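Trainee: Protein chains in written order, with our numbering: chain A, -19 to 635; chain B, 2 to 272.
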Amino acid sequence: MTSGPTPTGELNTIPRLLARNASVYGDKPAYREKEFGIWQSWTWRQVAEEINALALGLLDMGLAEGDHVAIIGRNRPYFYWAMVAVQSCGAVPVPLYRDAVAEEMAYVLDHCSARFVVAEDQEQVDKVLEVQDQLPVLEQVIYLDPRGMRKYDRTKLHDYKDIQAKGRASGLQADLDARLAKQDFDTTCVMLYTSGTTGRPKGVVLSNRNIVKSGQAASEFDNLRVDDRVLAYLPMAWVGDFIFTVGQGYWTGFCVACPESPDTMQADLREIGPTYFFAPPRYFEGLLTNVMIRMEDASPMKQRMFKKYMDFAREVGPKLLDGKPVTFGERMKYALGNILVYGPLKNTLGLSRTRVGYTAGEAIGPEIFDFYRSLGINLKQLYGQTEASVFVTVQPDGEVRADTVGVPAPGVELKISDTGEVFYRSPGAFVEYYKNPESTADTKDAEGWVATGDAGFIEKDSGHLRIIDRAKDVGKMADGNMFAPKYVENKLKFYPNILEAVVFGNNREKCCAFINIDLSSVGNWAERNNIAYSSYQELAGHPQVLATVQEHVEAVNKSVAEDEMLSGCQIHRFCILHKQLDADDGELTRTQKVRRRIIEDKFKDIIDALYDGSEKISTETEVTYEDGRKGSIKATLELRDAKVFPTAAQRIAAE
Amino acid sequence: MTMAETYQTPDGRTIGGQVMEMKNITLRFGGVKAITDISFDIREGEIRAIIGPNGAGKSSMLNVMNGFYHPQEGEVWFHGKKRGPMKPHQIAKQGIARTFQNIALFSGMSTLDNIMTGRLTHMKTGILKQAMWWGPAEKEETENREVVEKVIDFLEIQSIRKTPVGRLPYGLQKRVELGRALAAEPKLLLLDEPMAGMNVEEKEDMSRFILDVNDEFGTTIALIEHDMGVVMDIADRVVVMDYGKKIGDGSPDEVRNNQDVIDAYLGVAHD
């Protein structure tokens, strides 16, 4: 499937790509970082020198081939250099989440037997030192910011810049060159730990082949160029950041900018104006909410103008992006809108220059998605995972839709198993889970097919993949129809009033749902309409709130009815829960994902009432307060019927 | 000036000789005696706390230390020189910076501009050159901006660089005020209740900044604080005042066990 020049011979490792960039793009900016209020920049030639110095320093300290080096810090050029320096030495960089607590870090550091750690500052160094007793192989810690560590014992601690200085003076260049020469496509490039929603995190080993080929394919797919620029602000331990900034960045040679601090990201984004941008759905959601809140404070004139042109853009903007026919008059009106509304708005959002934008990780609400596309921002979706070096499917230009995740990325083969699970085979498919052959065997078969754990199907007409749910959550209804709770829940959650939804129906005749309202959004509505309430429970039971949620549920039913495979998942009855689902009560995971089993057991009485047709139920639920005390809340819940719609098949039968 | 001896703190810092010495200070406002016959010293590189109940005369003491008030009796020695009454510009230039109990920032100006005002005493070019942004004025501003940016980086307030301080929450305003004092690169830093009205997390942050200022720049710090926990944690030596008199002086542990101090704080039956 690969077309064009393949990175064989010369360009098969990240350090070799670096050498190419230093000679071909020597004077072009490779990294930028805002520090002391000014954008500092480094050219590819300077970067190659910095990385070389650090690699020599690490050699001097005794870094061996195959060692793992943990890297803990926020997005700063120095840590990206550290990763490539470690690779140059033939060792494996392991970036960690910097907000992990010490115990979580201890597990990963122990699992990968890290001898060296590169840490950002006192906070990270403290965490490592706190757990060092559990880490017998840990030898050296290198830090970047010395602040606050004046009195620390220096036998294990080293300053990043001192290591570089020692490297420059070491005279080990020949040894480093020998190590560099030994590396090829099969050398491990990086090891990334999966977030571990189920059980312990697993170390995903990715080779140079995985990274370089994925970077190449994706760069060519979106036609990325050397003068593109990105803002690196997502966690370094996440595979997406590695592929976008290192994989694609080194392949293409574009410039990676790092924000001044995590809090200044939005301002820095505006200053940099990235041409290639990635963000998870919740980022785009938050940004849109912000825009809407600020618009409500704007003058009536501006509000009218905004509304008028946004309504128009929703109609025409996506068509323009997809190259569909648009009348001359509409084009002119859009151009005017661009001067008055879209342009200034995009500038405020920092997305004026964005040629290609991606979102992934979760389903994105169609309204949110359309909002950005109607502004003329080419926002697309992709579907990927750590094990695939990100790319499984992507949406090509002109075929962008909110409900699919696109066609197989270049070089990726896709198949759907009998159970509906999505499998792929690609050059980016991971080598193995580190020290975990059983999991590797469970996930990747001998022919190289990797199980995603997600259920989905390929649309016949367009060839696009649609993801339905996690494979283990997908079940069957009593009549044999497919039951995919998350698909329906996501549709419900797109309404700002609904924070969380849990749909039941596995092995049952009909589906029912629990709803949690969003207290900030519904509370805001209540305030504007002079509805007094004292608690979540009271607001959740308000008849008008119930009526609004019922409208939402029925609208969702209508859209579910149109889906051939999942039309059986319409919600027949629902109730608004009297308490918010909470991780402290075990109803959600710490990452705010629903734990179905536990909720099913805990609220069994309500579920039974939903299915036996009663209109009210009195219940009592135990809750855990933030300080750990337990109490209980009593409530009488109103159970409502929602209108369901005939499915496509039923409509045909009726005619 | 005598006593050049040094002492060692429990955490291993060496505290140098006297920076400031207060000798038998008495301060009166008409018939009211705010401070009565108080003597103590502040040494190079130490964090010196002044504590006491409300109305004990702590803020007045701070005003005597920076020269804003001139005491009726007693002597203030600063860097080996006895200090007489001073004019405002002399007070500003002696190398003592302070923060205020009630924040005293320019609320309409940005964080950056507020901190920049801390550099005022370091600016030498005339007002005309500065207004025209010409020659040495430009170079000077760039140099001063660099110092200010380092302070901003140090206090981790990059995200509010351009925000008018009036819009900032209280805890951040306190941090900006500390920033302005730091920008002056003072030899002695006076903090008047830097943690008043803060929540626990903000207090922890502020304590860390105070310790880091002392550690990184070796700045001598004198602070007034009500929160006993904080004072006992970060101060090297503590002066305790009550009704304008000094009732205790020493390390946090000595002060904690001083009966007069306990009485002043817990109250004692007057018979």
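Where is the CB? At the ideal position from N, CA and C, for every residue including glycine. These numbers come from a predicted model, not from an experiment.
1) Let me see if you follow: with CB-CB separation under 9 Å, is Ala265 (chain B) close to chain A or not?
2) Shorter than 9 Å from the beta carbon of Gly128 (chain A) to some beta carbon of chain B?
3) In terms of residues, what are the limits of the beta strand (DSSP E) holding Thr627 (chain A)?
4) Helix, strand or coil: which one does DSSP assign to Gln19 (chain B)?
5) Confirm, please, whether the CB-CB distance from Asn55 (chain A) to Tyr213 (chain A) is below 9 Å.
6) Going by DSSP in three states, Asn270 (chain A) sits in which element: helix, strand or coil?
7) Using only the alpha-carbon positions, how far apart do Phe96 (chain A) and Ile51 (chain A) sit?
8) What's the gap between the Cα of Met4 (chain B) and the Cα of Asp254 (chain B)?
9) Is it true that the region 110 to 128 of chain B meets the region 140 to 153 of chain B, where meeting means three or more beta-carbon pairs spaced less than 8 Å apart?
10) Give the DSSP-derived three-state secondary structure of Gly(-16) (chain A) in the structure shown.
11) Taking three-plus beta-carbon pairs below 8 Å as touching, is the region 220 to 231 of chain B in contact with the region 185 to 196 of chain B?
12) Would you say Asp243 (chain A) reaches chain B, if we count a Cβ-Cβ gap shorter than 9 Å as a contact?
13) Quick check on DSSP: helix, strand or coil for Pro9 (chain A)?
14) Can you check whether the CB of Val525 (chain A) is closer than 9 Å to the CB of Ile551 (chain A)?
15) Would a check of beta-carbon distances place Glu240 (chain A) closer than 9 Å to chain E?
16) Which one or two residues does DSSP pair with Phe463 (chain A) in a beta bridge?
17) Quick one: residues in its chain with C-beta nearer than 8 Å to the C-beta of Gly17 (chain B), no 5 flanking neighbours on either side, listed in chain order?
18) Should Glu217 (chain B) be flagged as near chain A, meaning a C-beta pair shorter than 9 Å?
19) How should Glu58 (chain B) be labelled, buried or exposed, when 16 other C-beta atoms within 10 angstroms of its C-beta is the threshold for buried?
20) Between which two residues does the alpha helix (DSSP H) containing Trp231 (chain A) stretch?
21) Any idea what DSSP makes of Ile153 (chain B), helix, strand or coil?
22) Could you say which of A:Arg209, A:Asp47, A:Gln228, A:Thr232 lies nearest to Cys238 (chain A) if we only look at CA atoms?
23) Which complete alpha helix (DSSP H) runs does the region 177 to 216 of chain A hold, if anything under 4 residues is left out?
24) Figure out for me which residue from A:Ile122, A:His91, A:Cys92, A:Leu(-2) has the closest Cα to the Cα of Asp106 (chain A).
25) Assuming Asp115 (chain B) contacts Arg181 (chain B) (C-beta within less than 8 Å), just tell me the rounded distance between them.
26) Where does His80 (chain B) fall in DSSP's three states?
27) Is the beta carbon of Ile396 (chain A) less than 9 Å from the beta carbon of Phe494 (chain A)?
28) Can you give me the C-alpha to C-alpha distance between Tyr352 (chain A) and Leu115 (chain A), rounded to a whole angstrom?
29) Compare the C-alpha of Phe234 (chain A) against each of A:Gly433, A:Gly195, A:Gly323, A:Asp155 and name the closest.
30) Please classify Lys473 (chain A) as buried or exposed, where buried requires at least 16 other C-beta atoms within 10 Å of its C-beta.
31) Work out the CA separation of Ala184 (chain B) and Trp135 (chain B) for me, nearest whole Å.
32) With three or more C-beta pairs closer than 8 Å as the rule, is the region 356 to 374 of chain A touching the region 402 to 410 of chain A?
33) For the beta strand (DSSP E) containing His558 (chain A), name the first residue and the last one.
34) Measuring only between beta-carbons, confirm whether Ser40 (chain B) sits less than 9 Å from chain A.
35) To the nearest angstrom, how far is it from the Cα of Pro254 (chain A) to the Cα of Asp588 (chain A)?
36) State the Cα-Cα distance for the pair Asn55 (chain B) and Pro260 (chain A), rounded to the nearest angstrom.
Mentor: The structure says:
1) It does not; no Cβ of chain A falls within 9 Å.
2) Interface residue, yes.
3) Looking at the DSSP string, Thr627 (chain A) is not in any beta strand (DSSP E), and its letter there is neither H nor E.
4) In this structure, Gln19 (chain B) counts as strand in the three-state DSSP scheme.
5) Yes, these two residues count as a Cβ contact at 9 Å.
6) In the three-state reduction of the DSSP assignment, Asn270 (chain A) falls in the helix class, which pools H, G and I.
7) So the two alpha carbons sit approximately 9 Å from each other.
8) Its pLDDT being 48, under 50, Met4 (chain B) is placed unreliably in this model, and the value from its coordinates should be taken loosely. Cα-Cα distance, rounded: 23 Å.
9) Result yes; three or more Cβ-Cβ pairs closer than 8 Å.
10) The predicted position of Gly(-16) (chain A) is uncertain, since its pLDDT is 35 and thus under 50; a value taken from the coordinates is nonetheless stated next. DSSP places Gly(-16) (chain A) outside both helix and strand once states are collapsed to three, so it counts as coil.
11) The region 220 to 231 of chain B vs the region 185 to 196 of chain B: in contact.
12) Yes - at least one Cβ of chain B is within 9 Å of the one on Asp243 (chain A).
13) Pro9 (chain A) sits in a strand when the DSSP states are folded into three classes.
14) Remark: C-beta atoms of Ile551 (chain A) and Val525 (chain A) do not approach each other more closely than 9 Å.
15) The chain labelled as chain E is not found among the protein chains of the depicted structure, namely A and B.
16) According to DSSP, which records beta bridges pairwise, Phe463 (chain A) is partnered with A:Gly455.
17) If we look at Gly17 (chain B) and ignore the five residues flanking it on each side, its Cβ neighbours are Thr7, Arg44, Glu45, Gly46.
18) At least one chain A Cβ lies under 9 Å of Glu217 (chain B).
19) According to the sequence as given, residue 58 (chain B) is Gly; it is not Glu. Burial call: buried.
20) Run containing Trp231 (chain A): 228 to 232, per the alpha helix (DSSP H) assignment.
21) If DSSP states are grouped into helix, strand and coil, Ile153 (chain B) belongs with the helices.
22) When the alpha-carbon of Cys238 (chain A) is set against those of A:Arg209, A:Asp47, A:Gln228, A:Thr232, the nearest one is in A:Arg209.
23) Runs found: 188 to 201.
24) Looking at the Cα atoms, A:Ile122 is the closest of the given residues.
25) A small fix is needed here, since residue 115 (chain B) is Asn in this sequence, not Asp. About 6 Å; that satisfies the 8 Å criterion.
26) His80 (chain B): coil per DSSP, three-state reduction.
27) For the 9 Å CB-CB criterion, Ile396 (chain A) and Phe494 (chain A) do not form a contact.
28) When rounded, the separation of the alpha-carbon atoms in Tyr352 (chain A) and Leu115 (chain A) is 47 Å.
29) Among A:Gly433, A:Gly195, A:Gly323, A:Asp155, the Cα nearest to that of Phe234 (chain A) is on A:Gly195.
30) By the neighbour-count rule (16 or more Cβ atoms within 10 Å), Lys473 (chain A) is buried.
31) Roughly 23 Å between the two C-alpha positions.
32) Between the region 402 to 410 of chain A and the region 356 to 374 of chain A, the count of C-beta pairs closer than 8 Å reaches three or more; the two stretches touch.
33) Per DSSP, His558 (chain A) is not a residue of any beta strand (DSSP E), being assigned neither H nor E.
34) Cβ-Cβ to chain A under 9 Å: no for Ser40 (chain B).
35) Each residue's Cα considered, the two are about 53 Å apart.
36) Taking the Cα positions, Asn55 (chain B) is about 52 Å away from Pro260 (chain A).
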